[in-house]
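In our numbering, the protein residues as written are 115 to 562.
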């Protein structure tokens with residue numbers, strides 16, 4: 115017989131739990147991560163767990179699939195865990211009115227839909243966040259919940275999921291393939307509290323690992339969205355001179371297939387992001403953006419000795435053990451009875467990393483008066499592949515900006531208002547220094 119990690123969760127009757135102080139948690143979604151969270155969080159004593167899914171039919175499917183003993187999580191760090199949510203619903207009005215914690219484990223393009231649906235039923239003071247949270251999660255939350263609500267609540271976002279996980283049997287069993295040792299988290303705590311109050315709450319429900327490494331602020335994390343630079347730019351560099359309607363015999367290598375031009379382009383796009391940082395700190399000297407680094411530094415920090423040749427970004431891409439064998443997202447097609455492959459431009463590298471990533475950074479650059487010709491090259495190509503319109507005549511005024519998290523989508527047209535309304539200046543003071551012109555600082559080589 116498999117033991118549960120928290121035997122006490124099955125030994126406390128519901129009547130007894132009701133008389134105790136009960137933590138109320140809302141989990142939003144229905145995929146791999148929600149299965150793990152449902153098991154982990156529901157296994158805790160004195161915890162009421164609600165799962166909300168707005169995807170048509172998903173709540174009913176999940177509710178009917180969960181066995182009496184709950185969702186089994188095969189845990190890589192110890193014994194298996196069993197936990198059963200108290201409620202699985204598609205009706206926001208059924209959630210408890212006094213929630214302690216709300217976790218979104220959803221594609222970022224659905225965040226706004228959930229925030230709008232939840233707004234009438236949330237009370238100030240709740241901790242609400244996303245795992246992972248793409249760029250501009252705070253903008254989306256403030257726009258939909260209101261600046262006062264967010265100021266009086268705790269907002270957080272994880273840079274990635276805490277684990278690699280997969281559903282073994284829908285509703286019944288999920289496996290954690292690997293728990294990450296450390297995950298960066300950004301926390302904007304409610305007034306009068308600390309970031310630790312949120313990370314401790316998450317550890318209480320998720321476990322000791324991963325450790326949460328607090329970042330400076332949401333703005334730093336938005337600008338340091340590595341996926342938003344990495345995935346679109348590498349895709350642009352690879353396909354820029356190719357006929358994207360011509361099928362491939364095999365899925366091409368993503369990182370190992372990059373050329374020198376792509377390596378240089380990544381450096382130039384990252385230089386433009388760092389120029390945004392320079393202008394912001396010059397204008398707001400007490401603003402902290404220490405978490406914002408060049409992509410070359412990020413790669414060295416992340417992979418270290420796994421990189422065979424650290425000469426420049428191009429050589430690092432092609433000699434990083436962690437990137438070996440990874441391919442471009444493709445879709446299978448049949449040509450003359452043979453299996454072929456075409457680019458999949460509906461993959462998250464484009465559908466999330468552009469509107470919830472690079473376009474957000476581009477919008478901030480526009481407010482800060484920072485030219486971004488290299489970033490524009492990438493976005494213009496990607497928007498053509500997506501059939502979208504973000505940049506028109508050098509400005510972020512396209513018809514599809516409304517589906518992004520760019521500041522312009524929320525009505526911001528000047529930098530000071532953007533910084534103030536989104537609470538980035540709560541601990542920063544404005545400088546009267548005039549923005550200096552853009553200077554090229556592209557580094558093609560990485561010091562040894």
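No residue lacks a Cβ here, since even glycine has one placed at the ideal position from N, Cα and C.
Residue environment, residue i, which counts as buried when at least 16 other CB atoms sit within 10 Å
{"i": "residue 179", "result": "exposed"}
{"i": "residue 65", "result": "Here the chain covers residues 115 to 562 and nothing more, so residue 65 does not appear."}
{"i": "residue 211", "result": "exposed"}
{"i": "residue 438", "result": "exposed"}
{"i": "residue 523", "result": "buried"}
{"i": "residue 527", "result": "exposed"}
{"i": "residue 457", "result": "buried"}
{"i": "residue 189", "result": "buried"}
{"i": "residue 469", "result": "buried"}
{"i": "residue 161", "result": "buried"}
{"i": "residue 355", "result": "exposed"}
{"i": "residue 157", "result": "buried"}
{"i": "residue 488", "result": "buried"}
{"i": "residue 400", "result": "exposed"}
{"i": "residue 204", "result": "buried"}
{"i": "residue 386", "result": "buried"}
{"i": "residue 359", "result": "exposed"}
{"i": "residue 389", "result": "buried"}
{"i": "residue 306", "result": "exposed"}
{"i": "residue 250", "result": "buried"}
{"i": "residue 525", "result": "exposed"}
Proximity of residue i and residue j at Cβ, strictly below 8 angstroms
{"i": "residue 471", "j": "residue 248", "result": "yes"}
{"i": "residue 154", "j": "residue 321", "result": "yes"}
{"i": "residue 301", "j": "residue 268", "result": "yes"}
{"i": "residue 447", "j": "residue 518", "result": "no"}
{"i": "residue 245", "j": "residue 278", "result": "no"}
{"i": "residue 477", "j": "residue 516", "result": "no"}
{"i": "residue 297", "j": "residue 324", "result": "yes"}
{"i": "residue 202", "j": "residue 177", "result": "yes"}
{"i": "residue 440", "j": "residue 424", "result": "no"}
{"i": "residue 466", "j": "residue 222", "result": "yes"}
{"i": "residue 256", "j": "residue 141", "result": "no"}
{"i": "residue 168", "j": "residue 231", "result": "yes"}
{"i": "residue 319", "j": "residue 299", "result": "no"}
{"i": "residue 315", "j": "residue 241", "result": "yes"}
{"i": "residue 343", "j": "residue 384", "result": "yes"}
{"i": "residue 492", "j": "residue 347", "result": "yes"}
{"i": "residue 252", "j": "residue 332", "result": "yes"}
{"i": "residue 361", "j": "residue 461", "result": "no"}
{"i": "residue 529", "j": "residue 481", "result": "yes"}
{"i": "residue 295", "j": "residue 276", "result": "no"}
{"i": "residue 436", "j": "residue 420", "result": "yes"}
{"i": "residue 351", "j": "residue 370", "result": "no"}
Contacts around residue i, its chain only, beta-carbon distance under 6 angstroms, and the 5 residues preceding and following it disregarded
{"i": "residue 172", "result": "144"}
{"i": "residue 427", "result": "377, 380, 381, 410"}
{"i": "residue 281", "result": "146, 149, 288"}
{"i": "residue 132", "result": "For residue 132, the predicted structure reports a pLDDT of 40, less than 50, and the residue's modelled location is therefore unreliable. A value from the coordinates is still provided. Result list for residue 132: empty, nothing under 6 angstroms."}
{"i": "residue 422", "result": "433"}
{"i": "residue 451", "result": "none"}
{"i": "residue 263", "result": "238"}
{"i": "residue 272", "result": "245, 246, 297, 299"}
{"i": "residue 224", "result": "none"}
Cβ-based neighbour list, residue i, same chain, cut-off 8 angstroms, excluding 5 preceding and 5 following
{"i": "residue 303", "result": "268, 309, 311, 312"}
{"i": "residue 490", "result": "476, 505, 508"}
{"i": "residue 214", "result": "137, 138, 139, 240, 241, 315"}
{"i": "residue 510", "result": "473, 476, 477, 480, 504, 520, 522"}
{"i": "residue 512", "result": "497, 502, 503, 504, 505, 506"}
Whole-number beta carbon distance between residue j and residue i, since they are thought to touch under 8 angstroms
{"i": "residue 163", "j": "residue 206", "result": "So it is not a contact: roughly 16 angstroms between Cβ atoms."}
{"i": "residue 368", "j": "residue 442", "result": "5 angstroms"}
{"i": "residue 463", "j": "residue 345", "result": "4 angstroms"}
{"i": "residue 498", "j": "residue 514", "result": "Wrong, their Cβ atoms sit about 12 angstroms apart, outside the cutoff."}
{"i": "residue 449", "j": "residue 261", "result": "Rounded, the Cβ-Cβ distance is 54 angstroms, inconsistent with contact."}
{"i": "residue 444", "j": "residue 365", "result": "5 angstroms"}
Close Cβ partners of residue i (< 7 angstroms) along its chain, the five nearest in sequence each way excluded
{"i": "residue 459", "result": "499, 500"}
{"i": "residue 258", "result": "226, 229, 230, 233"}
{"i": "residue 197", "result": "123, 152, 153, 154, 155, 156, 157, 184, 185"}
{"i": "residue 341", "result": "467, 471"}
{"i": "residue 391", "result": "337, 403, 406"}
Residue i beta carbon near the ligand SAH (any heavy atom closer than 7 angstroms)
{"i": "residue 433", "result": "This structure lacks the ligand SAH, and indeed carries no ligand of any kind."}
Q) Considering only residues of the segment 457–509, which uninterrupted alpha helix (DSSP H) runs meet the minimum length of 4 residues and lie entirely inside it, listed in chain order? A) 462–465, 473–482, 487–500
Q) If you scan the segment 225–293 from start to end, which runs of the alpha helix (DSSP H) of 4 or more residues do you find wholly inside it? A) 225–232, 251–259, 261–265
**Q.** Unbroken stretches of the alpha helix (DSSP H), 4 residues or longer, contained in the segment 141–223
**A.** DSSP assignment within the segment 141–223 yields the following whole alpha helix (DSSP H) runs of 4 residues or more, N-terminal first: 146–156, 172–179.
(Q) Please give the ranges of any beta strand (DSSP E) in the segment 373–458, keeping only runs that are unbroken, at least 3 residues long and fully inside the region. (A) 444–449, 452–457
Q) Quick one: complete beta strand (DSSP E) runs, 3+ long, within the segment 321–360? A) 325–328
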